[in-house]
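**Q**
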Amino acid sequence: MLASPFPAEDNELSSEIDGLVRYRGDPAVDVEACYECGACGKQCRLLHNLRNHIERVHLSLGPVNCVACGKTFVNKFSLRKHVLRKHREQAHILK
Ligand SMILES: [Zn+2]
Ligand SMILES: [Zn+2]
51 MLASPFPAED NELSSEIDGL VRYRGDPAVD VEACYECGAC GKQCRLLHNL
101 RNHIERVHLS LGPVNCVACG KTFVNKFSLR KHVLRKHREQ AHILK
C-alpha cells in the first residue's frame, strides 16, 4: 500500500466531498451534465469542477469555533477532529 501524499484531514474532507457527488451518466453519452451535486443539484460536466463546487459552497463553512474551548478552526472537519481528540466526552456538541 502506498503512503498517501495527503494528510489524514485532507482525506477526510475528500471523502466528504465524494459523498455528495452523484454520477449521472457516461461522459461520452451525456456530455452536458455527468455529475450532480447531492446537496443542491448543481450539475457539472467535470468531476473536478463539481468537487471544487462542493468544497467551496457546502463544506467550507468556516471559520468555526469550538464551543467547548473557543478555539477557531478553518472548517467543521478540523473542528470535528479537534473535538474528538480533545473533548471526546463532549462529542455530542458536534452537529
Ligand atoms: Zn451544490
Ligand atoms: Zn475545543
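Here our numbering runs 50 ahead of the position in the sequence shown, where the first position is 1.
Even glycine gets a Cβ: it sits at the ideal position worked out from N, Cα and C.
1. For the candidate residues 96, 142, 102, 86, whose alpha-carbon lies nearest to that of residue 63?
2. Using the C-alpha atoms, what's the distance from residue 120 back to residue 129?
3. Can you find a heavy atom of ligand 1 that lies under 7 Å from the Cβ of residue 141?
4. Residue 106: which of 124, 132, 143 sits nearest, CA to CA?
5. When we look at the beta-carbon of residue 144 and count the other beta-carbons within 10 Å, is it buried (16 or more) or exposed?
6. If you reduce the DSSP assignment to three classes, tell me which class residue 117 lands in.
7. Just list the residues that DSSP pairs residue 94 with in beta bridges.
**A** To lay it out plainly:
1. Translated into the one-based positions of the sequence shown, residue 63 becomes position 13. Minimum Cα distance to residue 63 is reached at 102.
2. Against the sequence shown, residue 129 aligns to sequence position 79. Against the sequence shown, residue 120 aligns to sequence position 70. In a straight line, the C-alpha of residue 129 is about 11 Å away from that of residue 120.
3. Residue numbering aside, residue 141 sits at position 91 when the sequence shown is read from its first letter. Residue 141 Cβ: outside cutoff for every heavy atom of ligand 1.
4. What you label residue 106 is simply residue 56 of the sequence shown in a count that begins at 1. Of 124, 132, 143, the residue nearest in Cα terms is 124.
5. Along the sequence shown, read from residue 1 onward, the residue named residue 144 stands at position 94. By the neighbour-count rule (16 or more Cβ atoms within 10 Å), residue 144 is not buried but exposed.
6. On the sequence shown, position 67 is the one that residue 117 refers to. Coil.
7. As a first step, residue 94 must be located in the sequence shown, where it is residue number 44. The partner list for residue 94 (beta bridge, DSSP) reads 85.
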